[in-house]
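>
2 protein chains.
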Amino acid sequence: MPPLQVGIVDLRGGAGHARGSVGSGALRRIGRVATNPPSTPLYRRLARQLQERIDAGTYPAGARLPSEPELSAEFGVNRLTVRQAVAELERAAVVEIRRGVGTFVRPPAVRVSIAVDPRSQRFDLGSVHSALPDADDGEFVVGAPPVAGSPEDEEAARQLGRETAELSRVDTVIRLGGRARAACSYWMPFGPLPADLVRPGRPGNLVLDLARAAGVELEYDWRAFGAIGADLADAELLGVPAGTPLLVREGVSCTPDGTPALYVRRRIDGSSARFVLNFRESRQDGAQPGPQPYGL
Amino acid sequence: MPPLQVGIVDLRGGAGHARGSVGSGALRRIGRVATNPPSTPLYRRLARQLQERIDAGTYPAGARLPSEPELSAEFGVNRLTVRQAVAELERAAVVEIRRGVGTFVRPPAVRVSIAVDPRSQRFDLGSVHSALPDADDGEFVVGAPPVAGSPEDEEAARQLGRETAELSRVDTVIRLGGRARAACSYWMPFGPLPADLVRPGRPGNLVLDLARAAGVELEYDWRAFGAIGADLADAELLGVPAGTPLLVREGVSCTPDGTPALYVRRRIDGSSARFVLNFRESRQDGAQPGPQPYGL
DNA sequence: TAGTGGTCTAGACCACACA
DNA sequence: GTGTGGTCTAGACCACTAC
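Quick note, the sequences are listed as chains A and B, same order.
Throughout the first sequence, residue numbering follows our numbering, covering 1 to 296 in sequence.
Throughout the second sequence, residue numbering follows our numbering, covering 297 to 592 in sequence.
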């Protein structure tokens, strides 16, 4: 456990900070009376200070930070201000907060790396499935909501060149390592879907099963990558706070004759995966065989 | 302006919510005394309620939400609780908060769509440049920090198969539409770099200029996509709150003989761009020529 | 000047994890 | 039980924006 510093720590400015300078260098409590408005809010200076300690190894990876009351006392600020600083670090994936336990420094980002060769046409990689096969993991249907006029549904209809009334929809969650990693939505221009396939809780590779049931062969048409914050619904599905960065991977698959047959939109927990595209033939040197995953 | 509802609004549960039921249906203020702990925190129920109003068109796109004191009075909760709810909606990109002005409903997500044909080898699309050429926009050098032992530097060295001491680094910001859209870092296994090229504030296409200066021809080796929250440094560079979802696009380019010559890591404001990969030849039907951008 | 959101405090009660 | 983080209140002062 890191040594608990006693007394009040000065939070004025910090290294490389522009304003906020006060005359004397005396250690001074920063309280309600803003003798010299520092322009940088207190909670942010606190966040920087904590970040510096983490970078310096004062709080190494995996270590528990001092508790909120401890930090509150050490820096002479309100506990809520401490919480605001720590929340910022949590959103930046620097620390992980475990309720009832403590706040811990995150290890340097372990990610699953998924290689995709963009020149091959028929493959069903790119789904997170093949990365970490494990018991209890997999894709699970969470519902088959009717296609109404939601913005998502409208988008799907536009992408498939159909009317919303012609579409069926299924929502799933992909679990890996005991955690929900991705929320998926599928739209298809046919229906009704086999009740057994879209039964909530059903495991399996939904895309493959649906394609088989419909008797169609699917090819990638296009895929797109973006980043958004989790909305309230996705946050609940994935068990993360709203606003958590999600990697959105969406696209259309079509039959060999070019008819759009599937629009898929996946929201993937950003800390869980990245997608790699290789543009050169597999290298011969062997020294650096493609991208190095961040750890795993 | 939406009509200001008077009185106290009931926040118990909300549609489709599991727990939190109380006996009578009377409108009741939810105060300090939790007569029946609803399990779902107040601020989240408030967020849902506001989201519902936005979905229902009570607060249409572009409209200003009632001010925090107004919402505080309407729902009978503390202003800080209101702020917590609104902050959640802001992180989910549902509303935009303008200090001193108000909180506004965001339009349905306008994004720049950038098509990339993954089968062609030599192209410098994929950079955000070609999307929105405009005056005052472009890429600007913000610094050429020495390569020390930071985790990023170590990663770059690993990717390039070099020691950190062999690398040079440049950081830039890409501005589009008057806003910073992407923060970029480049690592190259040579140096020193031409002082004129890495002078802070210098505009231009840095990759092309550096390659020309070094007399090397660059090809894509691999590119990867991920999503993270903005850390404190990126948040400052991009002018967004820490934790804002960023699309990370990183990769290695090499010379025609396969020698790694550039590691690049871009953090792109998630609300600004998405990357599209086309797997099929350009379509003949013409009806749906590739993916439809979300608006722009 | 008036109204908006941004920050900060002090204090309270709660749910959760763990010993 | 003890300590952790999670929620909520009341009140205050501030900075920014627009009129």
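Cβ atoms here follow ideal geometry from the backbone N, Cα and C, with glycine treated the same way.
Taking all protein chains shown into account, decide if B:S567 is buried (16 or more other Cβ within 10 angstroms of its Cβ) or exposed.
With 16 or more other Cβ atoms within 10 Å, it is buried.
> Counting pairs of beta carbons, one from the stretch 544-551 of chain B and one from the stretch 503-522 of chain B, are three or more of them closer than 8 angstroms?
yes
> CB-CB under 7 angstroms to B:F486, same chain, minus the five flanking residues each way: which ones, in chain order?
S464 and A510
> DSSP three-state call for B:D467: helix, strand or coil?
DSSP places B:D467 in strand when its eight states are reduced to three.
> Distance cutoff 8 angstroms, beta carbons only. Does A:V82 sit that close to anything in chain B?
no
> Taking Cβ-Cβ distances shorter than 7 angstroms, what residues in chain B pair up with A:I228?
A389, P541 and G566
> For a contact meaning CB atoms closer than 7 angstroms, what does A:Q51 contact in chain B?
L528
> For A:E99, write down the residues that DSSP places opposite it in a beta bridge.
Looking at the sequence provided, one finds Arg at residue 99 of chain A rather than Glu. Note: A:R99 sits in no beta bridge, so no partner.
> Quick one: grab the DSSP three-state call for B:P362.
Here B:P362 sits in coil by DSSP.
> Curious, which full-length alpha helix (DSSP H) runs of at least 4 residues does the stretch 181-235 of chain A contain?
206-214
> Between the C-alpha atoms of A:V198 and A:P145, what's the straight-line distance to the nearest angstrom?
Spanning the two alpha carbons is a distance of roughly 10 angstroms.
> Name the chain B residues whose beta carbon is nearer than 8 angstroms to that of A:R169?
The premise fails here: A:R169 is roughly 17 angstroms from chain B at the closest Cβ pair, so nothing lies under 8 angstroms.
> Report the neighbours of A:A47 on chain B: residues whose CB is nearer than 8 angstroms to its CB, in chain order.
Under the 8 angstroms cutoff, chain B gives L528 and A538.
> So what does DSSP say about B:A538, is it helix, strand or coil?
DSSP places B:A538 in coil when its eight states are reduced to three.
> Answer with buried or exposed for B:D527, where buried requires no fewer than 16 other C-beta atoms within 10 angstroms of its C-beta.
buried
> State yes or no: is the C-beta of A:I268 within less than 8 angstroms of the C-beta of A:L247?
Contact check for A:I268 against A:L247 passes: the beta carbons are separated by less than 8 angstroms.
> Using the C-alpha atoms, what's the distance from B:V536 back to A:S185?
29 angstroms
> Taking B:E386 as the reference, which of B:A557, B:W483 and B:I350 has the closest Cα?
B:I350
> If the cut is a Cβ gap below 7 angstroms, which residues of chain A does B:E384 touch?
A242 and G243
> For the beta strand (DSSP E) holding B:Y559, just list the boundary residues, first then last.
P556 to D565
> Please identify the residue among A:A180, A:L71 and A:A92 whose C-alpha is closest to the C-alpha of B:G525.
Of A:A180, A:L71 and A:A92, the residue nearest in Cα terms is A:A92.
> To the nearest angstrom, how far is the alpha carbon of B:E448 from that of A:A73?
34 angstroms
> How far does the alpha helix (DSSP H) with B:V382 in it extend, from its first residue to its last?
R375 to R387
> As a quick exercise: from A:R98, A:V141 and A:V147, pick the residue whose alpha carbon is nearest that of A:D209.
A:V141
> According to DSSP, what are the bridge partners of B:E546?
B:A520 and B:R561
> When you compare the CB of B:F521 with every CB in chain A, is at least one pair closer than 8 angstroms?
Cβ-Cβ to chain A under 8 angstroms: yes for B:F521.
> Going by other Cβ atoms of all chains shown within 10 Å of its Cβ, with 16 needed for buried, is A:D234 buried or exposed?
buried
> In angstroms with no decimal places, state the Cα-to-Cα distance between B:E384 and A:Q49.
If you take the alpha carbons of B:E384 and A:Q49, they lie about 25 angstroms apart.
> Taking 8 angstroms as the cut-off, decide whether the C-beta atoms of A:S67 and A:G102 are in contact.
yes
> How long is the line joining the alpha carbons of A:G201 and B:G457, rounded to whole angstroms?
46 angstroms
> Note down the Cα distance separating A:R274 from B:G522, rounded to an integer number of angstroms.
4 angstroms
> Quick one: Cα of B:E435 to Cα of B:F371, how far?
46 angstroms
> Going by the beta-carbon positions, is the gap between A:R266 and A:A156 smaller than 8 angstroms?
Cβ atoms of A:R266 and A:A156: not closer than 8 angstroms.
> Can you tell me where the beta strand (DSSP E) holding A:E139 begins and where it ends?
Where A:E139 is concerned, the enclosing beta strand (DSSP E) stretches over G138 to G143.
> Rounded to whole angstroms, what's the CA-CA distance from A:V264 to A:V82? Just pull it up for me.
41 angstroms
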